[in-house]
Ligand code: SF4
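Residue numbers (the working numbering), protein chains in the order written: chain A, 1474 to 1846; chain B, 281 to 352.
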């Protein structure tokens, strides 16, 4: 078993597509949100919308960590990077996201800041060990999937007394974001169910979505990343909607269980705590929606060590990322899409990230058709 | 960023590190987030960490279910 090719068979995909067509009632319009940007990319990469009937519509959600980070946090990271004797490390996509006045970490680097792209937080720890004369700041972003590695790094830094290492923590929480999306009437009315995150759910477990599903009466099917996983999950959602049911179903049983990765949860709780509130691009301020470094690890908190007052950041006026992240607009609704805003010259975060909706539509969509219809 | 891929564990090293094979390429990752990992296990890796072991029995069940759907 390779766990990949088995879930990509074209004939099986066609067969499930037929089942979906049979089950989808002609009187209904099914609006299904894939919460996670990784799913958005898989859906477009494998051309799944072309296998779905016209009344089954996929809507991309805010599950792209790079996309939802508000511009003030990017401005903060740039300010950190511009300080003398600082090495700022982050994951690849983060370096290209435009902050205020379209300034990015990459541009700060061109201006002389020491900004480095890392594949893993372990690389940032090594840079700190190798550069004792410098302050090494790890710009940590991501949902629950990326949080445990940051937590492990904090434990290692404390154990090794790596005092020139710190973390600028921007980790955010998925179920809370889902809930906030459903509190928004426009988004709520626009959604009939969710394709639930794959890898976030490995950590948090399928039970973590139970309350949201019940309170807002929406079906949620946790789905794997392969095309057959997604087709299967869409079918399960349609079945739940037809039966007027709602609840959490787990399609990705080979990786996700009900309680999640308990060891990771413990490591997170040991090092991080929940912020009272945090700003999300598109969704605004959301209570209890993000993590910060807890008191026991305070000496590794970049915000404590280097407090910088950032004046509210400014997005490009024409950028529609916010509405796209709420599921109420599509990339082609943005005037800049593909004309001025491209992956080489992104104007908003949704075009930068490998999980952003604009990037997915740009990479796999029919641009000519999108610009003319 | 959230894209995470299945990889086969080839060797377990000191300091909770392991060598995995991802599509023919070997790389070193951390197994600090999971318990009882063995050579031959498949794991999901993300930003240099194994997030979980893949459950072969569950995978087989899903595949059987998908094949069954393709039959009708
Ligand atoms: S196309 Fe560019 S400017 Fe328009 S919404 Fe997407 S990222 Fe923003």
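Heads up, the beta-carbon is just placed ideally off N, CA and C, and yes, glycines get one too.
Going by the CB atoms, is the gap between residue j and residue i shorter than 7 Å?
i: residue 334 (chain B); j: residue 1728 (chain A); result: yes
i: residue 1417 (chain A); j: residue 1563 (chain A); result: Residue 1417 (chain A) falls outside the range modelled here, since chain A spans only 1474 to 1846, and no answer is possible.
i: residue 327 (chain B); j: residue 1619 (chain A); result: yes
i: residue 1531 (chain A); j: residue 1492 (chain A); result: no
i: residue 1821 (chain A); j: residue 1794 (chain A); result: yes
i: residue 1582 (chain A); j: residue 1591 (chain A); result: no
i: residue 1645 (chain A); j: residue 1762 (chain A); result: yes
i: residue 1694 (chain A); j: residue 1706 (chain A); result: yes
i: residue 1796 (chain A); j: residue 1802 (chain A); result: yes
i: residue 1799 (chain A); j: residue 1757 (chain A); result: no
i: residue 1554 (chain A); j: residue 1586 (chain A); result: yes
i: residue 339 (chain B); j: residue 1485 (chain A); result: no
i: residue 1827 (chain A); j: residue 1540 (chain A); result: no
Here's the rule: buried if 16 or more other CB atoms are within 10 angstroms of the residue's CB, otherwise exposed. What is residue i?
i: residue 1750 (chain A); result: exposed
i: residue 345 (chain B); result: exposed
i: residue 281 (chain B); result: With a pLDDT of 46 at residue 281 (chain B), under the threshold of 50, the modelled position of this residue cannot be trusted, and the question is left open.
i: residue 337 (chain B); result: exposed
i: residue 1690 (chain A); result: exposed
i: residue 1487 (chain A); result: exposed
i: residue 1764 (chain A); result: buried
i: residue 1546 (chain A); result: buried
i: residue 1723 (chain A); result: buried
i: residue 1834 (chain A); result: buried
i: residue 1684 (chain A); result: exposed
i: residue 294 (chain B); result: exposed
i: residue 1741 (chain A); result: buried
i: residue 1606 (chain A); result: exposed
i: residue 1660 (chain A); result: buried
Using a C-beta to C-beta distance shorter than 9 Å, which residues of chain B count as neighbours of residue i?
i: residue 1736 (chain A); result: 312, 313, 314 and 315
i: residue 1740 (chain A); result: 312 and 313
i: residue 1625 (chain A); result: 296, 310, 312, 313 and 329
i: residue 1571 (chain A); result: Simply none; closest approach about 17 Å.
i: residue 1701 (chain A); result: 342, 343 and 346
For residue i, return the contacting residues in chain A, with the cut-off set at a CB-CB distance below 8 Å.
i: residue 301 (chain B); result: Within chain A, no residue comes near residue 301 (chain B); the closest Cβ sits about 11 Å away, beyond 8 Å.
Using a Cβ cut-off of 7 Å, pull out every chain B residue sitting near residue i, in sequence order please.
i: residue 1595 (chain A); result: 310 and 328
i: residue 1583 (chain A); result: In chain order: nothing, as chain B lies at least about 23 Å away.
i: residue 1682 (chain A); result: None at all; the shortest Cβ gap to chain B is about 16 Å.
i: residue 1675 (chain A); result: 324, 331 and 332
i: residue 1727 (chain A); result: 334, 335, 338, 339 and 342
For residue i, which residues in chain B fall below 8 Å Cβ to Cβ?
i: residue 1474 (chain A); result: 322, 336, 339 and 340
i: residue 1484 (chain A); result: 350
i: residue 1622 (chain A); result: 310, 313, 326, 327, 328 and 329
Under 7 Å between beta-carbons, which chain A residues line up against residue i? List them in chain order, please.
i: residue 349 (chain B); result: 1488, 1489 and 1492
i: residue 343 (chain B); result: 1479
Between residue i and the ligand ADP, is the CB less than 6 Å from at least one heavy atom?
i: residue 1673 (chain A); result: No copy of the ligand ADP appears in this structure; the ligands present are the ligand SF4.
Point to revise | Within 5 Å of the ligand SF4: residues by beta-carbon to any heavy atom | key: Applying a distance threshold of 5 Å between residue Cβ atoms and the heavy atoms of the ligand SF4 selects A:1792, A:1793, A:1794, A:1807, A:1809, A:1810, A:1814, A:1820, A:1821, A:1823, A:1824 and A:1831, given in chain order.
Exercise for review: Enumerate, from N- to C-terminal direction, the unbroken alpha helix (DSSP H) stretches of 4 or more residues contained entirely within the segment 1768-1825 of chain A.
Suggested key: Taking only runs of at least 4 residues, the alpha helix (DSSP H) segments lying wholly in the segment 1768-1825 of chain A are 1775-1778, 1794-1798 and 1822-1825.
Exercise for review: Please list the segments of the alpha helix (DSSP H) lying wholly inside the segment 1602-1664 of chain A, counting only runs of 4 or more residues, in order along the chain.
Suggested key: Listed in chain order, they are 1620-1633, 1647-1656 and 1658-1662.
Review point. Residue ranges of each alpha helix (DSSP H) run of no fewer than 4 residues wholly in the segment 1560-1585 of chain A, ordered along the chain?
Key: Fully enclosed alpha helix (DSSP H) runs of 4 or longer: 1578-1583.
Review point. Which ranges does the alpha helix (DSSP H) cover as unbroken runs of at least 4 residues, wholly within the segment 1692-1725 of chain A, from first to last along the chain?
Key: If one requires a minimum length of 4 residues, the alpha helix (DSSP H) runs lying completely within the segment 1692-1725 of chain A are 1700-1715, in chain order.
Check your understanding: In chain order, which continuous runs of the alpha helix (DSSP H) of length 4 or greater are located wholly inside the segment 1484-1550 of chain A?
Key -> Counting only runs of 4 or more, we get 1510-1518 and 1538-1541.
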